[in-house]
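Chains as they are written, first to last, in UniProt numbering: chain U, 1 to 336; chain H, 1 to 336.
Note sheet for the following structure.
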């Protein structure tokens, strides 16, 4: 029997909706989560595709997520919309706030959306990509759980604190990146542990603060940021902006709130959107064209844009569907 | 004779004002530049202290800077102020736009200031620090000249593209960082060349795209970003946001504009400001206190906040003045 199974995107969608609704997510939450799970599987981001359903089910069974929470939109200021997710999943809160957020960005030139008290799905690229599809430049950031030591330190303070960015490219898929400010994703340490493989140097330190390549020692110690003191500074910025600035938990507070349930982290998210047509007026198309010259200077020398690999996967999946490990598929069938 | 000379901050100020005015900067520009030169020397950022006067004089003698340009403030949108520096130095443009920028941030919750067509002084920390002293969270970014290759590439596209950030700390000096997204400052490569020292690995590649530790080969090839593909993505973001988004030059365009004059780069700058009291309302002091817990979690384990070394230097200089190389001092006396 084959180790994998081929599914159409429609089948991925149906399976996801079934699993989520069966396990206590409302129809609205199930749809919002499924949109991103289909996108993740389609783009071959395995950790945010069908696999993530296991996390969603674990979180609602063991954590504090409210599968029926109705997000509340608060008009905080001229350029700020807040969405109180009321301890539901982040994605419905994002969708609910989105039209208000876009309207504010167009009216003011830039705007912020703060999502509060959400169990975060943790992929930021679908959100910034959807803003870019509206012609906006977008940034997004969140804390997570305190697993990462600051540069020069030995004890975890920061989360994996991802930063995502999107730039609209008229007539093309946008320029998008989404990276953790930790040297590597938390899941990669776990993966090395399960496979009995040593970690590369520079990923982690043990509980005494010494560099380690032992995944178990790393899990008991701390992860490191990417890029030394600069990555550490960036991680601190994200912790502050997507935590205290928006009146929500830091990674340490989120971890304490989880109380070892191992659920999806609950915290806030900050998104920023910038409207190039407001910044530039009638010079907008001229300057979006200059951005294309920048991309051309990168790709013409054989370097890759951050989103290229994902878009190639998307083209394949749109054509031929997706390939899923059979074991995962069968686990999910049991959860319907 | 001693190799160094001791100066009071008042003497640094007077020397700076004299040199700038003698060499063609208006009184307003001389004062704006001097404020930052005094701050740089005081904080022992040698490259942005008195040394920088040599660059300012070289730039006005060899470049296209207009020493008498009067910045023009444009009310671009509810949350955007633009300042056209009209090919003058960036600092007077910053000072001129600042009250408008702060007012917009307070009115809208966040705001952007785009400075256009400025010869950039290139230290961003004094600007974000002055925003933090108004109780605002601040970011600043600029391109520079195309010296830095994208990850996976071999040819320079990006500038050293610095990112600065400040977070206000009631009753304390703010949390501030200001780092180049290149692995190292351009000047450090030049310094190694002059001293005949090999570069550390990971700083640069030669003209064929191979890693090099030879400073001369690096200057003919390309610098690398910090943090691999993540630093490269961040550098691209800065290039886009502080270039095309604000209708100004990319690092490649700025370099072409300079036409080998070796002047201070001419380009734009983007600043963002966020008002915590608008984001948080009456919860502001509670959440600024939570940020203090984050800083405490960093410093209590012996790790340093990014700005700590500079503030320690500031305290010394405020007490005892500054120490300057005698050769630099004598060079500057000749320029008065």
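Even for Gly, the Cβ is constructed at its ideal location relative to N, Cα and C.
Given the structure is predicted, the values throughout are model-derived calculations rather than measurements.
Quiz item: Which residue comes first and which comes last in the alpha helix (DSSP H) that contains residue 325/H?
Solution: No alpha helix (DSSP H) contains residue 325/H, which is instead part of the beta strand (DSSP E) from 322-325.
Exercise. Could you work out which residues of chain H lie near residue 112/U, taking near to mean beta carbons separated by less than 8 angstroms?
Key: 109, 110, 274, 279
Quiz item: What does residue 294/H touch in chain U if you count any residue whose Cβ is under 8 angstroms from its own?
Solution: 157, 236, 239, 240, 243, 244, 250, 252
Self-check item: Contact residues within the segment 142-174 of chain U, judged by C-beta distance below 7 angstroms to chain H
Solution: 150, 151, 152, 153, 154, 155, 157, 165, 167
Practice problem: Starting from residue 337/H, trace the alpha helix (DSSP H) both ways and give me its first and last residue. | Solution: Lying before the first or after the last residue shown, residue 337/H is absent from chain H, which here runs from 1 to 336.
Quiz prompt | The beta strand (DSSP E) enclosing residue 116/H, as first and last residue numbers | solution = 110-119
Quiz prompt | Partner residues on chain H for residue 227/U, Cβ-Cβ distance less than 7 angstroms | solution = 226, 227, 230, 231
Quiz item: Is the segment 115-127 of chain U in contact with the segment 195-212 of chain U, if contact means three or more CB pairs nearer than 8 angstroms?
Solution: no
Exercise. Going by DSSP, name the residue or residues bridged to residue 182/U.
Key: 225/U
Quiz prompt | First and last residue of the uninterrupted beta strand (DSSP E) at residue 167/H | solution = 162-167
Exercise. Could you run through the segment 72-84 of chain H and flag, in chain order, every residue whose CB is less than 8 angstroms away from some CB of chain U?
Key: The residues in question are 76, 77, 78, 79, 80.
Practice problem: State the CB to CB distance for the pair residue 273/U and residue 102/U, rounded to an integer number of angstroms; the pair is presumed to be in contact (CB under 8 angstroms). | Solution: 7 angstroms
Practice problem: Pick helix, strand or coil for residue 135/H, following the three-state DSSP scheme. | Solution: Reduced to three states, the DSSP call for residue 135/H is coil.
Quiz item: Do we get a CB-CB distance below 9 angstroms when we pair residue 287/H with the residues of chain U?
Solution: yes
Quiz item: Can the beta-carbon of residue 131/H be found closer than 9 angstroms to that of residue 271/H?
Solution: yes
Quiz prompt | Boundaries of the beta strand (DSSP E) in which residue 37/U is found, first to last residue | solution = For residue 37/U, no beta strand (DSSP E) encloses it; the enclosing alpha helix (DSSP H) starts and ends at 27-42.
Exercise. Mind listing the chain H neighbours of residue 302/U? Cutoff is C-beta to C-beta under 9 angstroms, in chain order.
Key: 152, 153, 154
Self-check item: Interface flag, residue 119/U vs chain H, CB-CB below 9 angstroms
Solution: no
Practice problem: Using the Cα positions of residue 13/H and residue 310/H, report the straight-line distance between them to the nearest angstrom. | Solution: CA-CA distance, residue 13/H to residue 310/H, rounds to 19 angstroms.
Exercise. May I ask you to verify whether the segment 19-34 of chain H touches the segment 72-90 of chain U, counting CB pairs closer than 8 angstroms and requiring at least 3?
Key: The answer is no - the segment 72-90 of chain U does not touch the segment 19-34 of chain H, with fewer than three Cβ pairs under 8 angstroms.
Practice problem: May I ask which residues mark the beginning and end of the beta strand (DSSP E) holding residue 145/U? | Solution: From DSSP, residue 145/U is part of no beta strand (DSSP E); its letter is neither H nor E.
Quiz item: Whose C-beta lies closer than 6 angstroms to the C-beta of residue 306/U among residues of the same chain, with five residues either side of it excluded?
Solution: 177
Practice problem: Could you spell out where the alpha helix (DSSP H) holding residue 46/U opens and where it closes? | Solution: Looking at the DSSP string, residue 46/U is not in any alpha helix (DSSP H), and its letter there is neither H nor E.
Quiz item: When you compare only the Cα positions, how much space is there between residue 342/U and residue 57/U?
Solution: No information on residue 342/U is available, as it lies outside the stretch 1 to 336 that chain U covers here.
Quiz item: Does residue 306/U come within less than 9 angstroms of chain H when only Cβ atoms are used?
Solution: yes
Quiz item: Along the segment 125-141 of chain H, what residues have a CB closer than 7 angstroms to any CB found in chain U?
Solution: 137
Quiz item: So which residues on chain H does residue 179/U lean against when the C-beta distance must stay under 7 angstroms?
Solution: By Cβ distance, chain H contributes 230, 233.
Self-check item: Whole-angstrom C-beta distance between residue 97/H and residue 73/H, which should lie under 8 angstroms
Solution: Contact holds; Cβ gap of about 6 angstroms.
Quiz item: Quick one: is residue 330/H buried, meaning 16 or more other Cβ sit within 10 Å of its Cβ, or exposed?
Solution: exposed
Quiz item: What residue does the beta strand (DSSP E) around residue 272/H start on, and which one ends it?
Solution: 266-274 is the extent of the beta strand (DSSP E) around residue 272/H.
Practice problem: Check each candidate in 140/U, 51/U, 106/U and name the one with the smallest Cα separation from residue 94/U. | Solution: 140/U
Quiz item: Is residue 89/U helix, strand or coil by DSSP?
Solution: Three-state result, residue 89/U: strand.
Self-check item: Near-chain U residues of the segment 190-220 of chain H - C-beta to any C-beta below 8 angstroms
Solution: none
Practice problem: May I ask you to list the residues that DSSP assigns as paired with residue 217/H? | Solution: DSSP output for residue 217/H lists no bridge partner at all.
Practice problem: Report yes if the CB atom of residue 80/U is closer than 9 angstroms to the CB atom of residue 278/H, and no otherwise. | Solution: A contact, by the Cβ cut-off of 9 angstroms.
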